[in-house]
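A.B. asks: Those sequence lines, one after another, are chains A and B. Per the working numbering, the first sequence starts with residue 15, numbered consecutively. Per the working numbering, the second sequence starts with residue 1023, numbered consecutively. For glycine and all other residues, C-beta sits at the position ideal for the given N, C-alpha and C. Here the structure is a predicted model, which means the values were calculated and not measured.
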Amino acid sequence: MAKADSLQGSMDLLVLKMLSRRPGLHGYAIMTAIQDISGEVLRVEEGSLYPALHRMEEAGWIRAEWVTKETGRRARLYEVTAAGKKQLGTEESRWQAVTLAVNRVLREA
Amino acid sequence: MSLWTRIVNVLRGERLNREIDEELEAHIAEAIAEGRDPVEARRAFGSTLRHRDGSRDVRLVSWLESLRSDAIFGLRQLKKTKVTSAAAILSLALAIGACTSAFRLIDAILLRPLPVANPERLYDLAEQGIGPDGKPQDFDGWAYSDFQLMRAAVKDQAELFAVSYADSVDLTYKSDEDIEKAYLQYVSGWMFPTLGLRPALGRLFTENDDLKPGGHPYAVLSYDYWSHRFGRDPAVIGRTFRMGNEIYEIAGVVEAPFTGTEPGTIVDIFVPTMMNPAVTRKDSTWHRSLAMVKPGAALEPMREKLEATSRAFEEERAKGFLGVSKKEIDQFLDQKVVLEPAATGVSDLQTETKRPLAVLGVLVALVLLIACANVANLMTAQASARAREMAVRVSIGGGRWRLIQLVLVQSAWLALMAAAIGGLFAWWSGPFVVSMINPPDNPARLILPSDWQVLGFGLALALLVTLLFGLIPALRASSVNPVSALKGGDDPHSKRRLMHALIAVQVAFCFLVLFVAGLFVTTFQRLSQQPTGFSTDRLLIVDAVTKTPQPIEFWEQVADHLRNVQGVEAVAIGDSALLGGSGWNNFISVNGAPPNGVLAYMRAVSPGWLDVMKIRLLDGRDFRPGDTHPGAALVNETFAKTYFDGVDPVGKSFDLSLDEGVRLRYEIVGLVGDVRYRNLREPILPQLYVPFHAVDNNGVSRKRGAGILLVRTSSLNPRSLASVLRQEVPRARAEFRVSRIRTQLEINQSHTVRERLLATLAMFFAIVALLLAGVGLYGVLHYSVLQRRREIGIRIAVGAQAGGIARLVTMDVFAMVLVGAVAGIGLGMLSVRYVESLFYQVRATDLQILALPALAILAGAFLAALRPVMQAVRIEPVSMLRTE
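1) If I measure Cβ to Cβ from residue 1245 of chain B and keep anything under 7 Å in the same chain, skipping five residues before and after, which residues do I get?
2) Could you give the first and the last residue of the continuous alpha helix (DSSP H) run that contains residue 1850 of chain B?
3) Kindly say whether residue 1032 of chain B, judged by its beta-carbon, lies nearer than 7 Å to any beta-carbon of chain A.
4) For a minimum of 4 consecutive residues, which ranges assigned as the alpha helix (DSSP H) are wholly contained in the stretch 1363-1416 of chain B?
5) Check the DSSP bridge columns for residue 1623 of chain B and list the partner residues they point to.
6) Taking the alpha-carbon positions, what's the residue 1204 of chain B to residue 1147 of chain B distance?
7) Is there a Cβ of chain A sitting closer than 7 Å to that of residue 1081 of chain B, yes or no?
8) Within 7 Å (strictly less), CB to CB, does residue 1077 of chain B reach chain A?
9) For the stretch 56-68 of chain A, list every residue whose C-beta sits within 7 Å of some C-beta in chain B, in sequence order.
10) Any beta-carbon of chain A closer than 7 Å to the one on residue 1067 of chain B?
11) Is the distance from the Cβ of residue 1100 of chain B to the Cβ of residue 1091 of chain B below 7 Å?
12) Report buried or exposed for residue 1759 of chain B, applying the criterion of at least 16 other Cβ atoms within 10 angstroms of its Cβ.
13) For residue 1190 of chain B, which beta-bridge partners are listed by DSSP?
14) Compile a chain-ordered list of the residues in the stretch 34-49 of chain A whose CB is closer than 9 Å to at least one CB of chain B.
15) List the endpoints of the continuous alpha helix (DSSP H) containing residue 1554 of chain B.
16) List, from N- to C-terminal side, the alpha helix (DSSP H) runs of 4 residues or more that fit wholly inside the stretch 1693-1770 of chain B.
17) Tell me the rounded alpha-carbon separation between residue 1327 of chain B and residue 1318 of chain B.
18) Could you tell me whether any non-hydrogen atom of the ligand NAP is closer than 6 Å to the CB of residue 1340 of chain B?
19) For the stretch 1031-1054 of chain B, which residues have a CB atom closer than 9 Å to at least one CB atom of chain A, in sequence order?
20) List, in chain order, every chain A residue whose beta-carbon is nearer than 7 Å to that of residue 1073 of chain B.
21) Specify whether the stretch 1383-1390 of chain B and the stretch 1526-1541 of chain B touch according to this definition: at least 3 beta carbon pairs, one from each stretch, less than 8 Å apart.
22) Taking Cβ positions only, does residue 131 of chain A come closer than 7 Å to chain B?
23) Please tell me whether residue 79 of chain A has its Cβ less than 7 Å away from any Cβ of chain B.
24) Going by the CB atoms, is the gap between residue 1201 of chain B and residue 1761 of chain B shorter than 7 Å?
25) Please list the partners that residue 2 of chain A has in chain B, where partner means a Cβ-to-Cβ separation under 7 Å.
26) Counting only runs of 4+ residues fully inside the stretch 87-111 of chain A, write out the alpha helix (DSSP H) ranges in chain order.
27) Looking at the structure shown, is residue 1636 of chain B part of a helix, part of a strand, or coil, going by DSSP?
28) Considering only residues of the same chain and omitting the five flanking positions on each side of residue 1215 of chain B, which have a CB-CB separation below 7 Å?
29) Start and end of the alpha helix (DSSP H) containing residue 1045 of chain B?
30) Between residue 1632 of chain B and the rest of its own chain, which residues show a CB-CB distance below 7 Å, the 5 nearest in sequence each way excluded?
31) Just checking my contact of residue 1398 of chain B with residue 1288 of chain B at CB under 8 Å: how many whole Å lie between their CB atoms?
32) Alpha helix (DSSP H) containing residue 1813 of chain B: first to last residue?
33) Look at the alpha carbon of residue 1874 of chain B and the alpha carbon of residue 1777 of chain B, and state the distance between them as a whole number of angstroms.
34) Tell me the DSSP bridge mates of residue 1294 of chain B?
35) How would you write the range of the alpha helix (DSSP H) that residue 1569 of chain B sits in, first residue to last?
36) May I ask you to report which of helix, strand or coil DSSP gives residue 1789 of chain B?
Below, the structure is given as structure tokens:
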């Protein structure tokens, strides 16, 4: 993405990582899963989740499918595509590089 | 999701919205199911509308989406004002259709390259010099012997090939009962390989098929002829047909798009040049010479070589001229050979219609501009009515470009709808116009393809007119100042100034169209009312042919037989019809003196011909059965003036001066009235009639294989006798066949076809232009009355008279009409010089020619002004002032 600022970048990373581990989550489940695993530290802003999901879908990293759950409610479930897995790799190594660099700065300074 | 799905999503916008909404709702429902407070969950989620927009923008192409909504909005706007929109669309459609149609014609006749290899390297050889009549002439007919020398001379720079002037011939496939007509062209055998043509069936000619005079009786058919005459039967190869005394065998069919080198004539049959009897003659110029120049060859040295070769040939030939002065020989030899580009082929239709088509092109373009001005005024008026809407759009953040887009999209709607209707109109009218150019017995057949070029032209035209009439209103609408517009006080005069300027332009163009149309109509009238000196009344011209030349007595027997047919009043025989196109001429020598250089034009006629044609006999007598050619002659008044100083020549004699010094002696037995010989435009020629009964040097009658029977019928509709005559001619003598029947009236009218076409189309465009200008004027007046309601109301309230109000409303506009008319006269005077050659006996400065368009425009303006003025005068001051 052209305007991949750090926040947005981490949003993509988190969503892709989450979906690659547990395919077939809907938006709400992605949000709660990130919050749970991060021990309530990372809070996803509910509204901005969907434009981000749709942007990633548009980019071809994830794909979505409507299903009717046993409760009778319809939900749109997401999963990572092959392109998305590749993207996840890039994002992960970039994140590693950034955190490594930040850590180094913290240590040296 | 690809770009494609994003584009598709533009078209299913509503579904996309629902889908996004459903997902967002599912999110909130999930939250509530987890036990969160519904109000809190919704608040935490934020505005669904905003998220929806955010998602929506990534899921579709947003500029396309805005274009789509503008398109829908624009269509709604057009629907709101159905009548005005329909008027705008129809007037534009008419103009676009006329333009496209004119383009199709111009493209087919003048622009489209021949479907051959390297058409851009094709040239037509012509000679420029002074003709025997003392006028400059440009002629592209060549003698075959000359052609052969030239071909050899430039062999290294170009391949020359000969193509005869395509002509309609009589031929038979089975028995002689079934004579049919076909267009035939004699071509050099090596033309096909030179042009890179391939056979669709059988084989084409090569150089080996064109070596020995009379030795190659083979034919190649055009694909078109093969299709419509033989239904693409492959068994056509090897079939034979008879033309004249020769049996030809069909050798092949040339591939589809090639139909000869003459746009306007679709050749049916190609035969080798060697089969033309004139191929061995040095004095017959019967074919064109085309040159396929080799890549990189310089034209000028080649041209000089061709000129030197041709001049040497003619010098050799001129040695045989006797009784011709040195000056005339010099004039004859002094010809410049030119190479004229022939990428689009070369035909008489091209030269004849070049100027008329250009004029028509300009006329339709003017009509298009008038229509554009109309729609521009309409859009300006609408835009001003929408000033408030625009102001609101600007206030809530609509960008300038979006507003321009909004108005332009609406214009594009108009243009596209107009282009679609106009396209249909052009599709229908193109062939219709072609059929109007054509004399009925000799139809020009034109391939009018509707391909990407025509489509591209139509679309480009639609785009152009969108910009022409849409851009200024769009720019004006977008530059709206919200504060003053919402207060209702924008400067109203600026808009009216623009509209007034457009009115002046419209009137100027309209005047020009009317003026040129008037000139064409007058030309047509003068030309068709031109006295011909003979009567076409109930006269049929029957072309008769015989398998082998027949004695004169047999011809007379046929004429006698026809005289007894029911419905026939009188019959005569001749060699060809007056105004029929062909002619022959000779120099005249009086009292053994050398000829004076003026040619006399001849016809061979039987006794009774004068009576059938109703030509006046001024002195002497008609031919008698015993008169022969040479021997007796009838001459016309101009002949007497030219060669006998106007003295009555009856009883005197003269000699025909032929090539190689042969002289034939004639005694003038009668003096007859002047008639039109070849066409209606040229001055009357010195004419000379000789008996149809010709004898050779030993006084033995010559046989004739072709002639015309002139039949005056008693029925007012001579055509009704045509089928009877077709049967009666062979019944009279079995050797005779009818190859064609025309009325003399048709022959006469074929000379005014171009003028009639120009007059009809110009008149049509003039009416359209006048109508459009009138509608435009009405629209502007109507708008200005609406806009000035308040002012007019106040004026009436303080006691203004009806006349004063009318003047107030119309004065500006009529001033513009005057300005436009004056500009139109100026334009007319300037432009008329370029089309003068198309006029006949009319001058642009004739009072009538100038007054008529002026009156028509004034009357149109008056009619257009009537209703708005009535509206203005009837404004009720009280109700008017109350509403504001």
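C.D. replies: Per the coordinate set shown:
1) Answer for residue 1245 of chain B: 1222, 1275, 1276, 1277, 1278, listed in chain order.
2) From DSSP, the alpha helix (DSSP H) with residue 1850 of chain B extends over 1824-1853.
3) Under the 7 Å criterion on CB atoms, residue 1032 of chain B is classed as non-interfacial with respect to chain A.
4) Here the runs fully enclosed are 1370-1407.
5) B:1607, B:1709, per the DSSP bridge assignment.
6) Their backbone Cα atoms lie some 27 Å apart in a straight line.
7) Yes, its Cβ sits closer than 7 Å to a Cβ of chain A.
8) At least one beta carbon of chain A lies nearer than 7 Å to the beta carbon of residue 1077 of chain B.
9) Here the close residues are 60, 61, 64, 65, 68.
10) Closer than 7 Å to some Cβ of chain A, the Cβ of residue 1067 of chain B qualifies, so yes.
11) Against a cut-off of 7 Å, the Cβ pair of residue 1091 of chain B and residue 1100 of chain B comes out as no contact.
12) Buried, because 16 or more other Cβ atoms sit within 10 Å of the Cβ of residue 1759 of chain B.
13) Its beta-bridge partners are B:1205.
14) Taking 9 Å as the Cβ-Cβ cut-off against chain B, the residues of the stretch 34-49 of chain A that qualify are 40, 41, 42, 43, 45, 46.
15) That residue, residue 1554 of chain B, is in no alpha helix (DSSP H); it is neither H nor E in DSSP.
16) Counting only runs of at least 4 residues, the stretch 1693-1770 of chain B fully encloses the following alpha helix (DSSP H) elements, listed from N- to C-terminal order: 1744-1754.
17) If you take the alpha carbons of residue 1327 of chain B and residue 1318 of chain B, they lie about 17 Å apart.
18) No copy of the ligand NAP occurs in the structure displayed, which carries no ligand at all.
19) Those residues of the stretch 1031-1054 of chain B placed with their C-beta closer than 9 Å to a C-beta in chain A are 1041, 1042, 1044, 1045, 1046, 1048, 1049, 1050, 1051, 1052, 1053, ordered along the chain.
20) Those are 61, 64, 65, listed as they occur along chain A.
21) A contact exists between the stretch 1383-1390 of chain B and the stretch 1526-1541 of chain B.
22) Outside the shown range of chain A (15 to 123) lies residue 131 of chain A, about which nothing can therefore be said.
23) Not closer than 7 Å to any Cβ of chain B, the Cβ of residue 79 of chain A fails to qualify, so no.
24) Inclusion of residue 1761 of chain B and residue 1201 of chain B in the CB contact set at 7 Å is warranted, their separation being smaller than that value.
25) Shown here, chain A extends from 15 to 123; a query on residue 2 of chain A therefore has no answer.
26) The stretch 87-111 of chain A contains no whole alpha helix (DSSP H) run of 4 or more residues.
27) Three-state result, residue 1636 of chain B: coil.
28) Shown here for residue 1215 of chain B: same chain residues with a beta carbon closer than 7 Å to its own, the five before and five after excluded, namely 1228 in chain order.
29) In the DSSP assignment, residue 1045 of chain B falls within the alpha helix (DSSP H) that extends over 1035-1055.
30) Cβ neighbours of residue 1632 of chain B beyond the five flanking positions: 1639, 1644, 1694.
31) Actually they do not touch by this definition, with Cβ atoms about 43 Å apart.
32) Membership of residue 1813 of chain B in the alpha helix (DSSP H) is indicated by the continuous run 1811-1819.
33) Roughly 20 Å separates the two Cα atoms.
34) In DSSP, residue 1294 of chain B forms a bridge with B:1209.
35) DSSP places residue 1569 of chain B in no alpha helix (DSSP H) but in the uninterrupted beta strand (DSSP E) bounded by 1561-1572.
36) Helix at residue 1789 of chain B.
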